[in-house]
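K.L.:
Numbering (our numbering), first residue to last: 423 to 708.
Structure below; questions to follow.
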DNA sequence: AACTACTCCTGGAGGC
DNA sequence: TGCCTCCAGGAGTAGT
């Protein structure tokens, strides 16, 4: 599912291939995708230029001259760029049966840009949303989300992680790290990967972490991001890691496969109703 | 604060 | 082959 690395892959692709281009047309095939502030519609984008793209956690902000778009891909959204004039990219949840020909039955929005560049939004689960907001409503919109610091923001240091976890001492690590108001960007896959990197069980509490373990958790998050970003994120289908996508992720979606560190079979449990993958040897239960 | 339960939705997988 | 059921999950909300 799209988490920080997948959304960051989209942000980079859009920044490099679409910023400065003018929208020349669009097709919206699933109207529920759009949540528009009064008076705004996609019609107002035609002729508008994309000025910038910004990401906080799993949210994307596209700023056009007349108004802004906030995009969240949720569980199964994907942004795909195609066109004769650009390299293109695909970021987010793959739709393997139809990857070859866009648009397909799960394509909800096509944005046509000048110079033969096309941006598609696809979503097999129909949870993704695009909000249309006046520029002056954007700060309030993000303030209401109460997002914690973005994991890739240079301000996110081990001291910041310690301070954020100090607000949630009793709760278990996995639900805490999934809470976007604590830190922003990690989802089910990357929390599992980060905790495995750190050798921490998901049901440990923040209060139980030694200083070394807390530093290890920070390093685990950063190592996980460093693995995921160069390859455009993880490729998980129906809860299973895809073998053709290499060894990443290391534990998520790999029930029964050997832990890359010690060889012990990875086990799957549920924490807060979320499928959770751990190495029982590297991540001892509390 | 921290937890549970529920909601949105569809496609893939497993059972028979 | 073809039904049927279950499961996957980000985030918002409500209830305890």
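Backbone N, C-alpha and C fix where the C-beta goes; we use that ideal spot for every residue, glycine too.
As the structure is a computational prediction, the values presented were derived from the model and not from experiment.
Could you check if residue 680 is buried or exposed, using at least 16 other CB atoms within 10 Å of its CB as the buried criterion?
P.N.:
exposed
K.L.:
Does the Cβ of residue 709 have 16 or more other Cβ atoms within 10 Å, making it buried, or fewer, making it exposed?
P.N.:
Because the chain here runs from 423 to 708, residue 709 falls outside it and cannot be looked at.
K.L.:
Mind reading off the beta-carbon distance from residue 582 to residue 599? Whole number of angstroms is fine, and I expect it under 8 Å.
P.N.:
Not confirmed; about 14 Å, so no contact.
K.L.:
If you compare alpha carbons, which of 707, 429 and 688 is closest to residue 699?
P.N.:
Here the closest residue by C-alpha is 688.
K.L.:
What does DSSP give as the partner residue(s) for residue 474 in the beta ladder?
P.N.:
485.
K.L.:
When you compare only the Cα positions, how much space is there between residue 497 and residue 636?
P.N.:
29 Å
K.L.:
Per DSSP, what kind of secondary structure is residue 453 in: helix, strand or coil?
P.N.:
helix
K.L.:
Which residues in the same chain as residue 443 place their Cβ atom closer than 8 Å to its Cβ, once the five residues preceding and following it in sequence are excluded?
P.N.:
Excluding sequence neighbours, residue 443 sits near 471, 472, 535, 536, 537 and 539.
K.L.:
What's the C-alpha gap between residue 682 and residue 531?
P.N.:
40 Å
K.L.:
Taking 9 Å as the cut-off, decide whether the C-beta atoms of residue 433 and residue 475 are in contact.
P.N.:
A Cβ-Cβ contact shorter than 9 Å links residue 433 with residue 475.
K.L.:
Do you know offhand how far residue 524's Cα is from residue 572's?
P.N.:
32 Å
K.L.:
Are the CB atoms of residue 634 and residue 595 nearer to each other than 9 Å?
P.N.:
No. Outside cutoff.
K.L.:
Please report the distance separating the alpha-carbon of residue 564 from that of residue 492.
P.N.:
10 Å
K.L.:
Would residue 570 pass as a contact of residue 429 if the rule is Cβ separation under 9 Å?
P.N.:
no
K.L.:
Are the segment 583-592 and the segment 450-463 touching, with three or more C-beta to C-beta distances below 8 Å?
P.N.:
no
K.L.:
Please state if the CB of residue 445 and the CB of residue 467 are separated by a distance shorter than 9 Å.
P.N.:
yes
K.L.:
Assuming residue 621 contacts residue 704 (C-beta within less than 8 Å), just tell me the rounded distance between them.
P.N.:
Their Cβ separation, rounded to whole angstroms, is 5 Å, which keeps residue 621 and residue 704 in contact under 8 Å.
K.L.:
Figure out for me which residue from 684, 552, 578 and 624 has the closest Cα to the Cα of residue 454.
P.N.:
552
K.L.:
In angstroms, rounded to a whole number, what distance separates the CA positions of residue 685 and residue 617?
P.N.:
17 Å
K.L.:
Residue 564 by DSSP, collapsed to three states: which one?
P.N.:
helix
K.L.:
Taking C-beta to C-beta, are residue 543 and residue 500 nearer than 9 Å?
P.N.:
yes
K.L.:
Which of helix, strand or coil does DSSP assign to residue 443?
P.N.:
coil
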